[in-house]
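Undergrad:
Protein chains: 2
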Amino acid sequence: MTPLVHAFVAHFGEMGSRWGINRTVGQIYALIFVSPRPLCADEIAETLSYSRSNVSMGLKELQSWRLVKLRHMPGDRREYFDAPTDAWEIFRTLAEERRRREMEPTLSMLRSALLETPSSEEDRVAQERMKGMHDLIELMSNWFDDVQRLDAQTLAKLMRMGARVQKLLELTGQLKPGTKE
Amino acid sequence: MTPLVHAFVAHFGEMGSRWGINRTVGQIYALIFVSPRPLCADEIAETLSYSRSNVSMGLKELQSWRLVKLRHMPGDRREYFDAPTDAWEIFRTLAEERRRREMEPTLSMLRSALLETPSSEEDRVAQERMKGMHDLIELMSNWFDDVQRLDAQTLAKLMRMGARVQKLLELTGQLKPGTKE
DNA sequence: ATCAAATTTCAGAAAATACTGAAAATTCGG
DNA sequence: CCGAATTTTCAGTATTTTCTGAAATTTGAT
Chain A
0 MTPLVHAFVA HFGEMGSRWG INRTVGQIYA LIFVSPRPLC ADEIAETLSY SRSNVSMGLK
60 ELQSWRLVKL RHMPGDRREY FDAPTDAWEI FRTLAEERRR REMEPTLSML RSALLETPSS
120 EEDRVAQERM KGMHDLIELM SNWFDDVQRL DAQTLAKLMR MGARVQKLLE LTGQLKPGTK
180 E
Chain B
0 MTPLVHAFVA HFGEMGSRWG INRTVGQIYA LIFVSPRPLC ADEIAETLSY SRSNVSMGLK
60 ELQSWRLVKL RHMPGDRREY FDAPTDAWEI FRTLAEERRR REMEPTLSML RSALLETPSS
120 EEDRVAQERM KGMHDLIELM SNWFDDVQRL DAQTLAKLMR MGARVQKLLE LTGQLKPGTK
180 E
């Protein structure tokens with residue numbers, strides 16, 4: 000590993016826990032991401048000084064996040080891995096997986112909680128707040144869904160506009176004066 | 000705790016680790032969030048069966064995330080806590096803190112990595128990929144910044160539009176034919 | 001200033017998570 | 001099919017994180 004790659008890999012290891020993956024998984028991903036060619040598990044284990052089995056588990060985890068892709072090299076039985084390099088594609092994948100893992104379970108818990116008949120004033124207040132949380136999460140979840148379908152270029156355009164989008168909305172309001180909200 | 004509140008609190012405890020906070024912190028937040036009145040540390044410790052000191056640390060953590068606010072009740076020396084109930088405000092706070100904790104350190108690591116002179120073809124490729132990642136993170140970071148400044152109503156409007164925003168962008172292109180990208 | 005109430009700190013215990021090595025299972029060329 | 005190469009599983013160990021209780025500190029009413 001060159002010092003440049005080492006610094007990148009080390010950072011991903013350290014940030015791993017903040018991002019909800021562990022050190023090994025973070026480092027494996029970083030290494031694959033910057034590598035000019037696909038890597039096999041043995042090379043990864045060797046480079047990062049982790050056991051072969053640890054690397055195997057890490058690769059499974061990264062595959063479940065769809066952050067690395069399995070490749071085969073002609074005339075080689077071993078499994079090689081590379082990572083998408085298009086940042087927008089990576090962002091989309093991450094957003095989708097996070098929604099699935101971090102938002103959907105909460106949404107379904109909230110849905111059933113909101114079906115209950117409150118048994119006290121305390122419950123009534125609690126449900127009211129859960130409703131607010133539910134509605135926002137649902138809104139964001141649907142928004143992610145929509146955004147998922149936009150092509151990278153449109154997305155980038157939207158982001159670059161930033162707050163100016165507000166102006167645009169006001170403008171639209173004028174163009175279609177009958178439309179509410 | 001009523002069964003309704005209990006289910007909510009338990010869920011936040013379980014999800015905590017996925018969200019980058021621990022079980023205790025998740026449960027304390029959930030309890031404060033649905034409570035009709037501010038709670039003091041002793042009540043929380045009692046309700047959740049955690050030690051007073053654990054609750055103290057959890058509250059510090061929640062304050063550092065700006066998810067709970069310190070209150071004082073007249074004639075009572077104890078510190079009470081409540082949580083903002085407006086879902087949009089919570090979302091904003093979370094987005095801002097996450098950017099600060101999860102994106103900024105990476106951005107600054109990438110910035111210095113990109114200043115290095117690549118010492119090999121391998122480094123050159125690595126830097127190229129880091130550049131793609133850096134640019135996207137920076138774009139998103141600035142976008143968050145912009146979004147931060149929009150009022151809740153505009154934000155909600157934007158989200159509800161979802162993918163239809165694309166149409167709007169095309170339209171704008173027609174309205175201002177000189178504008179590039 | 002005093003002092004009891006309240007909060008925080010922190011060292012060590014408990015629990016959870018990550019990691020390894022050996023053994024089992026799978027894969028595929030012959 | 002056979003068997004070597006490769007990957008996966010998993011029980012046990014190591015490490016990290018969380019949690020507690022006791023002691024120290026801070027707070028504010030008197």
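Which chain is which? The protein sequence lines are A and B, in order. Just so it is clear: in the first sequence, position 44 is 43 by this note's numbering, and no numbers are missing. Just so it is clear: in the second sequence, position 102 is 101 by this note's numbering, and no numbers are missing. Built from N, CA and C at the ideal position, the CB exists for glycine as well.
1. Throw me the rounded Cβ distance for the LEU61(A) and ILE43(A) pair, which I believe falls under 8 Å.
2. Given ASP145(B), which residues of its chain have a CB within under 6 Å of its CB, disregarding the five upstream and five downstream residues?
3. Rounded to whole angstroms, what's the CA-CA distance from GLY25(A) to ARG77(A)? Just pull it up for me.
4. At 8 Å on the CB atoms, spell out the chain B contacts of VAL4(A), in chain order.
5. Taking 6 Å as the limit between beta carbons, can you name the residues of its chain near ASN21(B), skipping five residues before and five after?
6. Per DSSP, which residues does LYS68(B) bridge with? Please list them.
7. Could you tell me the distance, in whole angstroms, from the CA atom of MET72(B) to the CA atom of ARG159(B)?
8. Count Cβ pairs between the segment 64-71 of chain A and the segment 80-91 of chain A that sit closer than 8 Å; are there 3 or more?
9. Under DSSP, the alpha helix (DSSP H) around SER55(A) begins and ends at which residues?
10. ASP259(B) lies in the alpha helix (DSSP H); which residues open and close that run?
11. Based on the DSSP output, what are the partners of LEU38(B) in its beta bridges?
12. Can you tell me which of PRO35(A), GLU95(A) and GLU101(A) puts its alpha carbon nearest to the alpha carbon of GLY19(A)?
13. DSSP state of ASN21(B), grouped into three classes?
14. So is THR23(B) buried or exposed if we call it buried at 16+ other beta carbons inside 10 Å?
15. Whose CA, out of ASP122(B), HIS10(B), GLU103(B) and ASP75(B), lies closest to the CA of ASP134(B)?
16. Hey, how far is the Cα of ILE27(B) from the Cα of HIS5(B)?
17. Does the beta carbon of GLU42(A) come closer than 9 Å to any beta carbon on chain B?
18. Name, please, each residue of chain B whose Cβ falls closer than 7 Å to the Cβ of ASP81(A).
19. Mind reading off the beta-carbon distance from ARG98(A) to SER140(A)? Whole number of angstroms is fine, and I expect it under 8 Å.
20. Taking 9 Å as the cut-off, decide whether the C-beta atoms of GLU95(B) and PHE143(B) are in contact.
21. Confirm, please, whether the CB-CB distance from LEU170(A) to ALA155(B) is below 9 Å.
22. Over what stretch of residues does the alpha helix (DSSP H) that includes LEU3(B) continue unbroken?
23. Output yes if chain B places a C-beta closer than 9 Å to the C-beta of MET14(A); else output no.
24. Using only CA atoms, which one of ALA40(B), LEU47(B) and SER48(B) lies nearest to VAL55(B)?
25. For LEU109(B), I'd like the list of residues in its chain whose CB is within less than 6 Å of its CB, leaving aside the five on either flank, ordered along the chain.
26. Closer than 9 Å, Cβ to Cβ, to anything on chain B: give me those residues from the segment 98-122 of chain A, in chain order.
27. Can you look up ASP150(A) in the DSSP assignment and give me helix, strand or coil?
TA: Let's see:
1. With 8 Å as the limit, LEU61(A) and ILE43(A) do not qualify as a contact, their Cβ atoms being about 11 Å apart.
2. Within the same chain, and ignoring the five residues on either side of ASP145(B) in sequence, no residue has its Cβ closer than 6 Å to its Cβ.
3. It is roughly 22 Å from the alpha-carbon of GLY25(A) to the alpha-carbon of ARG77(A).
4. Result: GLU121, ASP122 and ALA125.
5. If we look at ASN21(B) and ignore the five residues flanking it on each side, its Cβ neighbours are GLY15.
6. Per DSSP, the beta-bridge partners of LYS68(B) are ASP81(B).
7. Rounded to the nearest whole angstrom, the CA to CA distance from MET72(B) to ARG159(B) is 40 Å.
8. Taking one beta carbon from each stretch, the segment 64-71 of chain A and the segment 80-91 of chain A have 3 or more pairs nearer than 8 Å; the two touch.
9. From DSSP, the alpha helix (DSSP H) with SER55(A) extends over 51-63.
10. This structure cannot settle anything about residue 259(B), because the visible part of chain B is limited to 0 through 180.
11. LEU38(B) pairs with PHE80(B).
12. By alpha-carbon distance to GLY19(A), the top candidate from PRO35(A), GLU95(A) and GLU101(A) is GLU101(A).
13. Correct three-state label for ASN21(B): coil.
14. Around the beta carbon of THR23(B), 16 or more other beta carbons sit within 10 angstroms, so the residue counts as buried.
15. Here the closest residue by C-alpha is GLU103(B).
16. Cα to Cα, the separation comes out at about 12 Å.
17. Chain B places no beta carbon closer than 9 Å to that of GLU42(A), leaving this residue out of the contacts.
18. Neighbours of ASP81(A) in chain B, taken as residues whose beta carbon is under 7 Å from its own, are absent, since the nearest beta carbon is some 11 Å off.
19. Correct: roughly 6 Å between the Cβ atoms.
20. Yes, the pair counts as a contact, with Cβ atoms nearer than the cut-off.
21. Contact: no.
22. 2-14 is the extent of the alpha helix (DSSP H) around LEU3(B).
23. MET14(A) counts as touching chain B.
24. Sequence inspection shows Ser at residue 55(B); the Val mentioned does not correspond to that position. Of the listed residues, the one whose Cα sits closest to SER55(B) is ALA40(B).
25. In the same chain as LEU109(B), and ignoring 5 residues on each side of it, the C-beta atoms closer than 6 Å to its own belong to MET129 and HIS133, in chain order.
26. Of all residues in the segment 98-122 of chain A, ARG100, GLU101, PRO104, THR105, MET108, LEU109, SER111, ALA112, GLU115, PRO117, SER118, SER119, GLU120, GLU121 and ASP122 have a Cβ within less than 9 Å of some Cβ in chain B.
27. DSSP places ASP150(A) in coil when its eight states are reduced to three.
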